[in-house]
Amino acid sequence: MAIEKFFINKSSFEILDTFRAYGLAFLVSGLSEEDMEVTIRDQGYAYVIEVKGPIPKEPDPSLFVDRKEWLLIFRTYKERKDSKKAHPKKEVEKIVTEEFPQILSIHKDLTFMPDISGDVKNGKTLYQTLDIACAKGYREEKRDTYHDGTQLEIDRYSWAIACIGAAWASVWKETESFILFMTPNPLSVLLGSHRSIQKDLDERICPLSPNTALVHYAVKVALLVAKKRLSHTVRYDSVIFNVMQKTGQQPKPAGGGKYGLSLLEELANTTVGVDALSWIENIFPISSKISGNKQSVTFALTNFLLRPTLANFRIFESLYIRGQVKGELYPWNKTQLGELLKYVEIT
3 MAIEKFFINK
13 SSFEILDTFR
23 AYGLAFLVSG
33 LSEEDMEVTI
43 RDQGYAYVIE
53 VKGPIPKEPD
63 PSLFVDRKEW
73 LLIFRTYKER
83 KDSKKAHPKK
93 EVEKIVTEEF
103 PQILSIHKDL
113 TFMPDISGDV
123 KNGKTLYQTL
133 DIACAKGYRE
143 EKRDTYHDGT
153 QLEIDRYSWA
163 IACIGAAWAS
173 VWKETESFIL
183 FMTPNPLSVL
193 LGSHRSIQKD
203 LDERICPLSP
213 NTALVHYAVK
223 VALLVAKKRL
233 SHTVRYDSVI
243 FNVMQKTGQQ
253 PKPAGGGKYG
263 LSLLEELANT
273 TVGVDALSWI
283 ENIFPISSKI
293 SGNKQSVTFA
303 LTNFLLRPTL
313 ANFRIFESLY
323 IRGQVKGELY
333 PWNKTQLGEL
343 LKYVEIT
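Letter 74 of the sequence shown, counting from 1, is numbered 76 in our numbering, and no numbers are missing.
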C-alpha cells in the first residue's frame, strides 16, 4: 500500500508546532480512521505525517463537536453583538471545510513554512493558548512606559490545524492560581494508539503546582503505554507544556518547556519498573486540600522526577520515611525502590 507524506516544518514555537502536527494528522484521518493508518514522526527539523490508505475528500464533521478544549483555546474571545465575525471555532471549521484540498496540498510541500509575523495577509491571531510565546509582552521587554506589545498573526491554514490539534491532543489543568496545558511529543506515534491512550487517560492530576501536575500527567501516560503494551506503536520523548498564571484580569504567560520522559520510559520497560510507576502514581494527590508532610512528599517526589539526583532522592526518602512513621504512607517495596535507584544521577 502506498504511503503519502505530509510535512510540518518547525518554527520557533514548540507547542504550536506539535499542535500543528497532531491537527494535520487528525484532519487527514478524522476521528474514525477507517481503512487507514496515520503515523506522526518527529524528525528534528519537522514532523512527518505518514498515511496508509485512502485520504478522505473532506474533513470529518465530528472534529468540530462541542468539547471543553475548544472553549479553553478561545477563552479570551468575547463575542460582540455587533460583530460580523464568526466565533473562532466556526472560522476553523469554515477554513478546513472550504479549503481542505489546499491545506493538504501545501503540507505535501517540504519547503512550506508557516507565515508568522505581526502582519500576515488574511492571517489569524495567535492566541497564547496555542503557545504562550505568542503572547504580547512575553516577547517584548517593557520599560518606563506601558504599551500593549505586538500581536502575532499566522497564516490561516497553519492556524486552523493548530486549533484542531490543541482541541484534540492537549490536556489542561486549571486551578485558582494557574492554567497548564500540555501534550506529549510524538517521536513516533500511531495516531490510533495515541487516541487509545487519550481515551483511557484519567485526567485527574495533582493540582498543587504546575510541576506536580506536569509530572503526575507524565507518569500516567508512561503507565498507560506500558500497561496497554503500546510501546511498539507509541513513542513519546517528552511532554511539551505551557503555564499561565492567573491574575485579576486575563491569565498571563508564566513559562513553558519540555519535560523529558527518558527516566519514566526506562522504568516502564520492566515489570518491576511498572510496579514502581504505579506506586509513584499513587503518591500524587488529586485534591489541593492536603498539607503538612503529605504535601512535602509530593513536592519532593516531583523534584526528584524532574531532576533525578541523589540529593533530591535523599530529600524524598527522608520525608517519605517520616510519613511512614506517622502512618500516613504505605511502606515501600524494596524491589521497586531498588529499580528506582538504578536511574539516580550521581553528581
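Here a beta-carbon is modelled for each residue, glycine too, at the ideal position from N, C-alpha and C.
Residue i: which of the options sits nearest, CA to CA?
i: Lys-421; options: Val-221, Leu-182 and Val-30; result: Given that the chain is displayed from residue 3 to residue 349, the structure contains no residue 421 and the question cannot be resolved.
i: Met-184; options: Pro-116, Pro-287, Gln-104 and Phe-243; result: Phe-243
i: Asp-2; options: Ile-118, Thr-127, Ile-166 and Glu-283; result: Past the boundaries of the shown model lies residue 2; the chain is included only from 3 to 349, so the question cannot be answered.
i: Glu-100; options: Leu-303, Asp-62 and Tyr-345; result: Asp-62
i: Tyr-261; options: Val-223, Pro-56 and Arg-197; result: Val-223
i: Asp-68; options: Pro-212, Gly-55, Phe-301 and Pro-90; result: Pro-90
i: Asp-37; options: Ile-292, Ala-228 and Gly-194; result: Gly-194
i: Gly-259; options: Pro-186, Ser-190 and Val-299; result: Pro-186
i: Ala-228; options: Ser-320, Leu-343, Arg-324 and Ile-199; result: Ile-199
i: Val-122; options: Ile-156, Ile-108 and Ser-211; result: Ile-156
i: Leu-192; options: Glu-330, Lys-344 and Leu-232; result: Leu-232
Please report how far the alpha carbon of residue i lies from the alpha carbon of residue j, in whole angstroms.
i: Gly-120; j: Gln-153; result: 6 Å
i: Glu-143; j: Lys-254; result: The pLDDT assigned to Glu-143 is 43, lower than 50, so where the model puts this residue is not dependable, and the model offers no usable value.
i: Leu-226; j: Asp-202; result: 8 Å
i: Tyr-24; j: Ala-162; result: 12 Å
i: Arg-141; j: Leu-18; result: Because Arg-141 carries a pLDDT of 42, less than 50, the predicted location of this residue cannot be relied on, and no value is offered for it.
i: Gln-252; j: Glu-178; result: 13 Å
i: Tyr-148; j: Thr-113; result: Its pLDDT being 37, under 50, Tyr-148 is placed unreliably in this model, and the value from its coordinates should be taken loosely. Approximately 39 Å between the Cα atoms of the pair.
i: Ile-10; j: Ile-105; result: 12 Å
i: Gln-338; j: Pro-310; result: 16 Å
i: Leu-308; j: Asn-314; result: 10 Å
i: Met-115; j: Ser-264; result: 30 Å
i: Thr-78; j: Tyr-129; result: 8 Å
i: Phe-28; j: Thr-127; result: 22 Å
i: Asp-146; j: Ala-256; result: The predicted position of Asp-146 is uncertain, since its pLDDT is 42 and thus under 50; no value can be drawn from it.
i: Gly-250; j: Pro-188; result: 36 Å
i: Trp-170; j: Val-53; result: 19 Å
i: Ala-135; j: Phe-15; result: 7 Å
i: Ser-320; j: Arg-43; result: 41 Å
Given a threshold of 16 other Cβ atoms within 10 Å of its Cβ, counted over all protein chains shown, does residue i qualify as buried or as exposed?
i: His-218; result: buried
i: Ala-88; result: exposed
i: Leu-73; result: exposed
i: Thr-131; result: buried
i: Leu-33; result: exposed
i: His-234; result: exposed
i: Ser-240; result: buried
i: Ile-57; result: exposed
i: Asn-1; result: Lying outside 3 to 349, the shown extent of the chain, residue 1 is not represented and no answer is given.
i: Gln-247; result: exposed
i: Tyr-322; result: buried
i: Val-94; result: buried
i: Asp-84; result: In this predicted model, Asp-84 has a pLDDT of only 44, less than 50, meaning its place in the structure is not dependable enough to derive any value.
i: Tyr-238; result: buried
For residue i versus residue j, is the C-beta distance shorter than 8 Å?
i: Lys-7; j: Val-50; result: yes
i: Ile-75; j: Arg-158; result: no
i: Asp-133; j: Gly-125; result: no
i: Phe-21; j: Ala-215; result: no
i: Glu-341; j: Leu-266; result: no
i: Ala-302; j: Phe-286; result: no
i: Asn-213; j: Thr-273; result: no
i: Lys-175; j: Ile-207; result: yes
i: Val-245; j: Phe-180; result: yes
Going by DSSP, name the residue or residues bridged to residue i.
i: Val-236; result: Val-191
i: Leu-182; result: Lys-175 and Val-245
i: Tyr-49; result: Ile-10 and Asp-44
i: Glu-39; result: Lys-54
i: Tyr-129; result: Per DSSP, none; premise fails for Tyr-129.
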